[in-house]
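Count along the sequence shown from 1, then add 2; that gives the number in this note's numbering.
Down below is the structure, laid out as structure tokens.
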Amino acid sequence: SQSEISTLLDTMQPAIFKGLTLSQENNAIQIGQSLGYRFEDVLNKRLCNSSEKDFHLWIDGFGDFLQQKNVSFQGSQQIGYDTHTGAAVIGFDARLSSFYLGVLSGYSGSTTDWNKHRGKGTIDTVYGGLYASALGKLFYGNLSILGGWSHFSGNRTLLAADRIIVAKHHNGGAQLTSHLDTGLNFQIKGFTIRPFDAFDYICQTEGAYSEKGAGAFNLHVSKSNAIMLRNELGLQFSKCFSFQTHLISISPKISWVRELRVKGKTYQASLNDSLCDFTVTGYFPDRSLVSPGIMLSGSVFNNFMSFDLYYNGQYGSNYNNTNYGGQLRYGF
Numbered sequence: 003s004q005s006e007i008s009t010l011l012d013t014m015q016p017a018i019f020k021g022l023t024l025s026q027e028n029n030a031i032q033i034g035q036s037l038g039y040r041f042e043d044v045l046n047k048r049l050c051n052s053s054e055k056d057f058h059l060w061i062d063g064f065g066d067f068l069q070q071k072n073v074s075f076q077g078s079q080q081i082g083y084d085t086h087t088g089a090a091v092i093g094f095d096a097r098l099s100s101f102y103l104g105v106l107s108g109y110s111g112s113t114t115d116w117n118k119h120r121g122k123g124t125i126d127t128v129y130g131g132l133y134a135s136a137l138g139k140l141f142y143g144n145l146s147i148l149g150g151w152s153h154f155s156g157n158r159t160l161l162a163a164d165r166i167i168v169a170k171h172h173n174g175g176a177q178l179t180s181h182l183d184t185g186l187n188f189q190i191k192g193f194t195i196r197p198f199d200a201f202d203y204i205c206q207t208e209g210a211y212s213e214k215g216a217g218a219f220n221l222h223v224s225k226s227n228a229i230m231l232r233n234e235l236g237l238q239f240s241k242c243f244s245f246q247t248h249l250i251s252i253s254p255k256i257s258w259v260r261e262l263r264v265k266g267k268t269y270q271a272s273l274n275d276s277l278c279d280f281t282v283t284g285y286f287p288d289r290s291l292v293s294p295g296i297m298l299s300g301s302v303f304n305n306f307m308s309f310d311l312y313y314n315g316q317y318g319s320n321y322n323n324t325n326y327g328g329q330l331r332y333g334f
């Protein structure tokens with residue numbers, strides 16, 4: 003039937019795998035955000051006149067849950083997906099007065115399931131990076147650069163009239179994320195009010211691959227590159243409570259996020275046995291998101307050890323992302 007032919011043609015192309023690209027962009031943002039929580043903890047506790055150690059070792063772990071619903075994009079229907087990610091980060095930094103220099107490394111593992119049983123995918127990424135921070139009484143700024151090296155795998159399901167065919171692939175990728183954020187600390191009647199602005203530049207490459215398992219329907223997909231610019235403008239509030247040598251702080255925030263994807267919405271592909279290339283467009287949107295969040299922090303024994311528990315969300319049209327995690331730091 004015409005419907006069966008249309009479904010088969012729609013599943014014969016690799017546009018769904020732009021979902022892996024977007025998921026990995028989000029992973030890089032969340033890995034970098036662990037640095038935000040690291041220094042947000044320092045700023046929040048200053049209101050309690052917290053002493054600060056010279057060297058710090060910290061670890062962070064989080065779970066991330068992303069849902070993209072089915073949408074229409076540039077004249078075609080795009081299948082939605084769900085991505086679940088677990089990640090861990092370890093970092094070390096040294097303090098000189100109000101300045102910090104540090105290194106970090108991390109890992110994230112993601113699984114993606116597309117709606118209507120159209121496919122599955124995984125991403126495994128290791129990270130390494132450097133960061134620097136200047137935390138003044140009024141003004142603060144954080145700068146970081148983070149490299150990521152990924153292994154992608156994907157299964158694309160072709161829905162033929164009389165059978166289901168699965169095309170499989172594996173390929174590598176790399177990513178570079180540059181981050182800068184700044185803000186102001188206003189202390190008013192025991193509270194801190196903190197307007198902030200954060201900017202990220204993410205460039206990502208995914209290697210070429212040839213599918214297996216689908217016979218004549220296997221595709222060769224060329225190398226692709228993607229660039230995203232991200233800005234987050236928001237307002238954070240914090241309150242610190244002191245109990246002898248122990249501290250507790252709570253800090254909710256609300257922000258507006260703007261994502262601009264300036265490169266990377268298409269794939270160039272061909273059937274493995276064909277010399278004729280074709281180009282397909284995946285869902286690769288510019289979008290605005292609302293991002294609420296909250297962090298609960300505590301420290302003990304004159305700031306020898308601290309812990310953070312946090313939530314951060316991103317919500318937009320046909321899209322939602324929630325992130326839950328915790329961080330543990332030792333100072334000496």
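From the three backbone atoms N, C-alpha and C, an ideal C-beta is built for every residue, glycine too.
Please read these numbers as outputs of a predicted model, since none were measured by experiment.
CB contact flag (residue i, residue j, <8 Å)
i	j	result
F64	N325	yes
W258	V292	yes
L221	A169	yes
A30	L148	yes
F219	L160	yes
G175	S212	no
Y133	N144	yes
8 Å CB neighbourhood of residue i in its chain, flanking five on each side removed
i	result
S100	A136, L137 and G138
I229	Y203, I204, C205, Q206, R263, V264, K265 and G266
Same chain, Cβ closer than 6 Å to residue i, neighbours up to 5 away in sequence not counted
i	result
D279	Q270 and S272
L59	F94 and Y332
R289	E261 and G318
G111	G88 and D126
T85	S25, L68, S112 and T114
R196	G185, N187 and Q238
T268	T281 and T283
Q80	V73 and Y285
S301	L249 and S308
S180	I147 and Y203
N233	F201 and R260
L37	Y133 and S146
Selection from the options that minimises the alpha carbon distance to residue i
i	options	result
Y39	D288, N157, N233 and K255	K255
L235	L106, T127 and F198	F198
H119	I92, Q35, Q189 and I18	I18
H171	K214, D310 and Q189	K214
L45	L311, T281, K241 and G295	K241
Q32	F141, N320, G315 and L330	G315
Q76	L178, Y313, P287 and L311	P287
G192	C50, D43, S301 and N173	C50
F245	N305, M14 and R97	N305
G209	D43, K225, F57 and R48	K225
N-terminal and C-terminal residue of the beta strand (DSSP E) that residue i is part of
i	result
M14	Taken as a continuous stretch (DSSP letters only), M14 belongs to no beta strand (DSSP E), as it is neither H nor E.
P197	F193 to E208
D310	M307 to G318
N325	Y321 to G333
Q80	S78 to Q80
A271	T268 to L273
N96	Reading off the sequence shown, one finds Ala at residue 96, where the question assumed Asn. Looking at the DSSP string, the run of the beta strand (DSSP E) that includes A96 is Y83 to L98.
N144	F141 to L161
G108	F101 to W116
K225	Per DSSP, K225 belongs to no beta strand (DSSP E) and is neither H nor E.
H172	I166 to L186
7 Å CB neighbourhood of residue i in its chain, flanking five on each side removed
i	result
L22	T114, G123, I125, F154 and G156
L330	W60, I61 and F309
L231	Y203, L262 and V264
is_contact[residue i, chain B] using C-beta, thresh 8 Å
i	result
F286	The chain inventory of the structure shown lacks chain B, comprising one protein chain alone.
Item checked: Sequence ranges, beta strand (DSSP E) only - wholly within the region 23-73, length at least 3 -> 57-70
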